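K.L.:
Those letters in the sequence shown? Residues 3 to 269, by the numbering used here. Below you will find the structure I want to go over with you.
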Amino acid sequence: MPLIDHLLANVTVRKAIWKLWYPFLTRRLRGEEVLFLNYAYEEEPPLGLPLAPADEPNRACIQLYHHVATQADLTGRDVLEVSCGHGGGASYVVRTLRPRSYTGLDLNPTGVRFCRQRHRIEGLSFVQGDAQSLPFADGSFDAVLNVEASHCYPVFPRFLAEAARVLRPGGHLLYADFRFTTGIPAWEQAVAAAPLTTVRRRVINAEVLRGLEKNSERSMELIVKHLPKFMHGLGRDFAGIDGSRIHTAVRDGALSYRSYCLQKPGA
Ligand SMILES: C[S@@+](CC[C@H](N)C(=O)[O-])C[C@H]1O[C@@H](n2cnc3c(N)ncnc32)[C@H](O)[C@@H]1O
């Protein structure tokens with residue numbers, strides 16, 4: 003097992019690494035329109051979502067949000083996004099799916115400041131907080147959205163319990179993320195043990211691989227421009243550039259990328 007995997011298996015180290023990495027990334031990318039931090043999604047034939055011209059450069063990343071968020075009707079609902087990153091998904095969902103309110107939460111204070119300045123839309127607000135200890139009362143939301151972030155959480159079942167707690171009865175957790183093969187049994191056990199019913203589960207490796215490939219050139223440009231040379235390998239892996247460990251794992255199935263629609267019982 004590579005050293006980095008040993009380190010990431012340790013809960014305390016994992017928390018510290020992500021806590022430092024994302025604010026570092028936000029500061030490095032300041033000045034670029036990097037509104038998404040996910041691996042992206044494309045179907046075959048292409049999804050062809052109608053998008054505003056300004057959204058076009060982010061098409062593949064938006065499509066991952068669209069795929070996950072449209073598993074339930076969000077019109078007129080109160081939505082919490084846990085781990086909203088740079089807020090591109092929050093902005094897209096508010097503008098197109100018309101929830102009543104949308105709160106984006108992230109652990110990264112620099113990212114939350116960026117979101118507040120960049121996405122000024124009525125009904126959309128951002129707060130800094132931890133997915134494992136959500137700063138909201140029980141039953142505050144109709145839906146919780148969570149895209150490609152739960153692999154960062156030190157204790158994943160705690161997030162599921164918190165999502166269930168802040169949902170109203172009948173509310174949905176709309177969720178997507180990945181795990182390497184060794185992490186899949188614990189992942190599946192946690193989902194099965196959560197106080198949520200699985201309405202739908204899909205493996206989306208093929209769609210994510212197409213998304214990664216569409217974004218590869220732009221991601222590589224950003225790595226070369228903003229990361230010191232000794233970090234290029236790490237950057238290539240993090241961004242899933244063609245030939246990187248992540249890209250190969252998505253392609254060969256050493257990693258499973260899934261989307262879920264989970265529901266809190268008792269509507
Ligand atoms: C790969 S990014 C995805 C961001 C966004 N969902 C997107 O698709 O663009 C993972 C995000 O999880 C956030 N994160 C990591 N640990 C967290 C935690 N314990 N609580 C809340 N957010 C966390 C990071 O700050 C980062 O913004």
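Backbone N, C-alpha and C fix where the C-beta goes; we use that ideal spot for every residue, glycine too. Predicted model only: the values in this text are computed from it and were never measured.
Can we count L49 as close to ligand 1, meaning its CB is less than 7 Å from some heavy atom?
P.N.:
By 1-based counting over the sequence shown, the position of residue 49 is 47. It does not: the Cβ of L49 is nowhere closer than 7 Å to a heavy atom of ligand 1.
K.L.:
Buried or exposed, going by whether 16 or more other CB atoms sit within 10 Å of the CB of G78?
P.N.:
For this step, residue 78 is matched to residue 76 along the sequence shown. Counting Cβ neighbours within 10 Å, G78 comes out exposed, since fewer than 16 surround it.
K.L.:
So is the beta-carbon of Y104 under 7 Å away from any non-hydrogen atom of ligand 1?
P.N.:
For this step, residue 104 is matched to residue 102 along the sequence shown. No.
K.L.:
Is it right to say Q191 is buried, meaning 16 or more other beta carbons lie within 10 angstroms of its own, or is it exposed?
P.N.:
The count along the sequence shown starts at 1 and reaches residue 191 at position 189. Result: exposed.
K.L.:
A166 and K266 look like a contact to me (Cβ under 8 Å); what is the Cβ gap, rounded to whole Å?
P.N.:
In the sequence shown, the residue the question calls residue 166 occupies position 164. In the sequence shown, the residue the question calls residue 266 occupies position 264. About 6 Å; that satisfies the 8 Å criterion.
K.L.:
I believe A178 touches F161 by the beta-carbon criterion, under 8 Å. Please report the beta-carbon distance rounded to the nearest angstrom.
P.N.:
Against the sequence shown, residue 178 aligns to sequence position 176. Against the sequence shown, residue 161 aligns to sequence position 159. In fact, because the Cβ distance is near 14 Å, the residues do not count as touching under 8 Å.
K.L.:
With H, G and I counted as helix, E and B as strand and the rest as coil, what does DSSP make of L82?
P.N.:
Position 80 of the sequence shown holds residue 82. Of the three classes helix, strand and coil, the one that applies to L82 here is strand, per DSSP.
K.L.:
Give the straight-line distance between the Cα atoms of G242 and L214, rounded to the nearest whole angstrom.
P.N.:
Translated into the one-based positions of the sequence shown, residue 242 becomes position 240. Translated into the one-based positions of the sequence shown, residue 214 becomes position 212. Near 6 Å, if we compare the C-alpha coordinates of L214 and G242.
K.L.:
CB R202 to CB C117, shorter than 8 Å?
P.N.:
Working through the sequence shown from its first residue, we reach residue 202 at position 200. Working through the sequence shown from its first residue, we reach residue 117 at position 115. Not in contact: R202 and C117 (Cβ atoms no closer than 8 Å).
K.L.:
At which residue ranges does the region 182-210 contain complete beta strand (DSSP E) runs of 3 or more residues, listed in the order of the chain?
P.N.:
Fully enclosed beta strand (DSSP E) runs of 3 or longer: 199-205.
K.L.:
Taking C-alpha atoms, which residue in H234, R122, A139, L229 lies nearest to F26?
P.N.:
For the purposes of this step, residue 26 is taken as the residue at position 24 of the sequence shown. Closest by alpha carbon: L229.
K.L.:
Quick check on the burial criterion: 16 or more other C-beta atoms within 10 angstroms. Buried or exposed for F180?
P.N.:
Along the sequence shown, read from residue 1 onward, the residue named residue 180 stands at position 178. It counts as buried.
K.L.:
Buried or exposed: which applies to I206, given that a residue is buried once 16 or more other Cβ atoms fall within 10 Å of its Cβ?
P.N.:
Mapped onto the sequence shown, residue 206 falls at position 204. Counting Cβ neighbours within 10 Å, I206 comes out buried, since at least 16 surround it.
K.L.:
For H68, collect the residues of the same chain with a Cβ closer than 7 Å to its Cβ; drop the 5 residues on either side in sequence, then sort them by chain order.
P.N.:
Stepping through the sequence shown from its first residue, residue 68 is reached at position 66. Excluding positions up to five away in sequence, the list reads L51.
K.L.:
Taking all protein chains shown into account, do 16 or more other C-beta atoms lie within 10 angstroms of the C-beta of D108, making it buried, or fewer, making it exposed?
P.N.:
Numbered from 1 along the sequence shown, position 106 holds the residue referred to as residue 108. D108 is buried by the Cβ-count criterion.
K.L.:
Is V70 close to chain B? Criterion is C-beta to C-beta, closer than 8 Å.
P.N.:
Protein chains in the displayed structure number just one, and chain B is not present.
K.L.:
Would you grab the beta carbon distance between Y104 and G125 for me? Rounded to a whole angstrom, and I think it's under 8 Å.
P.N.:
Counting from 1 along the sequence shown, the entry for residue 104 is found at position 102. Counting from 1 along the sequence shown, the entry for residue 125 is found at position 123. Going by Cβ atoms, the distance from Y104 to G125 rounds to 6 Å, so yes, they are a contact pair.
K.L.:
Just the C-alpha distance for R29 and H88, rounded to the nearest angstrom, thanks.
P.N.:
As a working note, residue 29 is residue 27 in the sequence shown. As a working note, residue 88 is residue 86 in the sequence shown. Distance between the alpha carbons of R29 and H88 is about 11 Å.
K.L.:
Mind checking whether the beta-carbon of H88 lies closer than 7 Å to any heavy atom of ligand 1?
P.N.:
Within the sequence shown, the letter at position 86 stands for residue 88. Because some heavy atom of ligand 1 lies under 7 Å away, the Cβ of H88 counts as near it: yes.
K.L.:
Mind pulling the beta strand (DSSP E) runs of 3 or more residues that sit fully within the region 116-174?
P.N.:
You should have 126-130, 143-149.
K.L.:
For A195, count the other beta carbons within 10 Å of its own beta carbon; 16 or more makes it buried, fewer makes it exposed. Which is it?
P.N.:
For the purposes of this step, residue 195 is taken as residue 193 along the sequence shown, with counting starting at 1. A195 is exposed by the Cβ-count criterion.
K.L.:
Taking 7 Å as the cut-off, is the C-beta of V149 nearer than that to any heavy atom in ligand 1?
P.N.:
Along the sequence shown, read from residue 1 onward, the residue named residue 149 stands at position 147. Within the cutoff, so yes.
K.L.:
I believe S176 touches A42 by the beta-carbon criterion, under 8 Å. Please report the beta-carbon distance rounded to the nearest angstrom.
P.N.:
Stepping through the sequence shown from its first residue, residue 176 is reached at position 174. Stepping through the sequence shown from its first residue, residue 42 is reached at position 40. Per the sequence shown, the amino acid found at residue 176 is Leu instead of Ser. With a Cβ gap of about 17 Å, L176 and A42 do not count as contacting.
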